[in-house]
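Right, one structure below, let's go through it.
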Ligand SMILES: Cc1ncc(C[n+]2csc(CCOP(=O)(O)OP(=O)(O)O)c2C)c(N)n1
């Protein structure tokens with residue numbers, strides 16, 4: 027195995043091209059095996075094998091700085107920078123991160139996973155490198171999908187404006203999760219599919235390189251000529267007006283060609299895009315063939331999950347209300363919207379990796395009389411908080427936000443946990459926040475949210491199977507639901523997924539003689555006054571949520587109970603939630619147990635508070 031001889035990037039530079047091709051094949055097998063064991067981003071990594079090898083041969087990491095947008099495609103980078111043997115622990119508690127990680131290696135610079143940031147990091151790092159006069163190159167790899175995020179444009183604009191020396195490797199496979207949503211991507215595709223353009227470009231380059239350059243004037247003239255000819259032949263007169271040069275397109279699976287292009291790019295001053303055409307899922311038949319399932323983090327929508335409950339409920343609602351439109355930011359599959367898109371293609375919008383745009387566009391649609399439903403992961407809505415607060419909230423627009431993967435999500439680590447939504451969104455004036463605790467609850471809550479005519483609403487649910495409950499265990503309207511009635515000793519007010527844990531805690535406490543009332547809060551905002559009044563009759567109130575403890579639903583409940591009746595002593599409130607800190611990767615059940623947010627943990631906290 028060639029792979030056995032690789033323990034650092036320097037080992038790559040000893041190999042000839044036939045050995046590199048062999049290595050690429052071995053790396054693909056290795057990745058398929060690792061991902062089938064622990065999950066992960068299969069297709070993106072299979073598509074980035076050759077470009078990663080080329081990068082590590084041309085540049086000398088960590089002196090040269092290699093940056094990966096989103097970071098989900100960095101497995102080969104990890105393998106050849108000495109982490110191959112840790113792949114059995116990929117995405118596991120205490121194991122290798124699924125993204126670059128500064129703790130793991132000096133070859134990693136960014137703890138990423140949220141898309142479209144890398145050109146801004148590159149601008150910042152290149153500014154520092156140039157200011158300090160360090161002899162290091164800054165190279166940023168970004169996918170065509172991630173280039174649809176507005177921040178990527180901000181990065182490009184600033185790179186062009188400042189003229190920083192950054193090599194931007196555009197890893198263009200025409201796909202985000204689903205096909206990339208962008209006119210730019212369409213024109214890139216036109217180049218990719220146009221052999222005449224490729225031939226003409228090569229001829230032009232040969233011609234121009236044969237002309238001797240004399241003096242500044244001629245050089246400027248040549249630049250002008252080149253630019254003019256590019257304008258004619260290149261459908262992508264996009265980068266250059268921003269001050270960013272463009273070379274390509276180049277077959278991103280031809281290591282030699284990629285290396286040549288990268289070496290040439292180092293000769294230029296200023297930012298330059300090297301456009302590589304790659305194939306997602308390359309070399310793995312299943313991933314090449316199945317455009318959705320195998321390409322990403324096995325992000326399918328499982329039957330019986332909350333995601334499926336949402337997809338079903340939205341379809342049903344849309345059948346009777348033609349104003350409903352569904353919006354996704356590049357994740358139609360994993361937010362459960364594929365069936366909706368197939369049934370109502372005209373009422374389904376994929377805006378690209380553009381959460382901020384999704385939110386403000388939804389405000390616009392609501393202003394125009396539509397009923398927009400924005401389906402997004404909790405962690406990704408966070409970056410559009412300002413748009414939620416001002417563009418939707420301040421304007422009182424009835425946009426429904428449906429947040430999947432709320433709470434502790436697990437394998438993707440600190441940046442993917444959806445633990446900020448309750449704390450942040452509850453601060454938006456006029457916001458209504460639902461947290462379903464079962465499949466059936468999600469259905470009634472979506473209908474309720476869609477009946478709101480002023481102000482935004484949120485439904486947030488975890489990445490798990492949804493509990494199935496009979497009709498008499500489903501709440502209604504904007505009221506909380508008492509699940510278990512105790513005798514006044516302890517009341518647990520639980521949010522969403524924590525209802526099941528609270529019920530378990532109540533059973534454990536009952537077995538030891540402590541009577542516990544359990545409420546399904548259902549709405550984290552506004553809080554049900556009847557629930558608050560009932561809770562206040564107990565000697566101890568406990569709140570439980572799978573989100574940030576400080577500033578979350580528990581904080582709001584504590585304040586509301588204190589405000590109930592100032593003349594009366596209100597009971598102590600114990601708030602349980604996630605701590606102030608970045609929570610590492612691991613299985614959600616294990617993390618919940620470690621944080622005391624499972625049935626046993628909640629019971630233990632209550633026993634402690636009661637001094638038992
Ligand atoms: C802000 C944000 N929204 C959504 C995602 C989910 N996501 C992860 S990878 C990806 C697709 C990225 O496409 P591209 O940049 O083209 O890379 P590829 O996987 O095709 O190599 C998406 C949508 C994310 N990581 N960050």
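In the numbering used here, the protein residues as written are 27 to 638. Here a beta-carbon is modelled for each residue, glycine too, at the ideal position from N, C-alpha and C. Because the structure is a prediction, the values reported are computed rather than measured.
For residue 604, there is no enclosing alpha helix (DSSP H); the residue is part of the beta strand (DSSP E) that begins and ends at 599-604.
A direct Cα-Cα distance of roughly 15 Å separates residue 32 from residue 57. The count of Cβ pairs closer than 8 Å, one atom from the stretch 408-423 and one from the stretch 565-584, stays below three, leaving the stretches out of contact. Beta-bridge partners assigned by DSSP to residue 460: 485 and 549. For ligand 1, a non-hydrogen atom lies closer than 6 Å to the CB of residue 406. Counting C-beta pairs with one atom in each stretch, the stretch 364-381 and the stretch 185-192 have fewer than three that are closer than 8 Å, which means they do not touch.
DSSP places residue 310 outside both helix and strand once states are collapsed to three, so it counts as coil. Annotation: residue 432 to residue 445 spans about 7 Å, alpha carbon to alpha carbon. Under the criterion of beta carbons closer than 8 Å, residue 521 and residue 570 qualify as touching, at roughly 7 Å. By the Cβ criterion, the stretch 131-144 is in contact with the stretch 169-179, since at least three pairs of Cβ atoms, one from each stretch, lie closer than 8 Å. DSSP links residue 169 through a beta bridge to 197. Among the bridge pairs identified by DSSP, residue 350 is matched with 397. According to DSSP, residue pairing for residue 376 in a beta bridge involves 354. Residue 56: member of the alpha helix (DSSP H) spanning 43-64, first to last residue. By the 16-neighbour rule on beta-carbons within 10 angstroms, residue 403 is buried. Counting C-beta atoms within 10 angstroms of its own C-beta, residue 43 has fewer than 16 neighbours from the protein chains shown and is therefore classed as exposed. Remark: fewer than three beta-carbon pairs, one from each stretch, lie closer than 8 Å, so the stretch 110-129 and the stretch 340-348 are not flagged as touching.
The alpha-carbon separation between residue 482 and residue 424 amounts to approximately 5 Å. Of 440, 563, 305 and 491, the smallest CA-CA separation from residue 336 is found for 491. For residue 122, the three-state secondary structure derived from DSSP is coil. Secondary structure note for residue 275: its beta strand (DSSP E) is the uninterrupted segment 271-277. Just measuring C-alpha positions, the residue of 450, 375 and 465 sitting nearest residue 459 is 450. Relative to ligand 1, the beta carbon of residue 359 is positioned no closer than 6 Å to any heavy atom. The C-beta distance from residue 268 to residue 183 rounds to 6 Å, short enough to fall under 8 Å. By the Cβ test, the stretch 122-140 is not in contact with the stretch 155-165, since fewer than three Cβ pairs between them sit closer than 8 Å.
By the neighbour-count criterion, in which 16 or more other beta carbons inside 10 Å mark a residue as buried, residue 607 falls on the exposed side. Just so you know, the alpha carbons of residue 365 and residue 471 end up roughly 20 Å apart.
Taking C-beta atoms as the reference points, residue 311 and residue 452 fail to come closer than 7 Å. Under the three-pair Cβ rule at 8 Å, the stretch 622-637 counts as touching the stretch 590-604. Its chain contains no residue whose beta carbon lies nearer than 6 Å to that of residue 129 once the 5 sequence neighbours on both sides are disregarded. In the same chain as residue 116, and ignoring 5 residues on each side of it, the C-beta atoms closer than 7 Å to its own belong to 60, 64, 66, 122 and 124, in chain order.
In this structure, DSSP gives residue 500 a state outside helix and strand, which the three-state scheme calls coil. Non-local beta-carbon contacts of residue 622 in its own chain, meaning distances under 8 Å to residues more than five positions away in sequence, involve 602, 628, 630 and 631 in chain order.
CA-CA distance, residue 454 to residue 332, rounds to 25 Å. For residue 572, the shortest C-beta to heavy atom distance toward ligand 1 is 6 Å or greater. Its Cα nearest to that of residue 91, the residue 148 stands out among 73, 80, 148 and 51.
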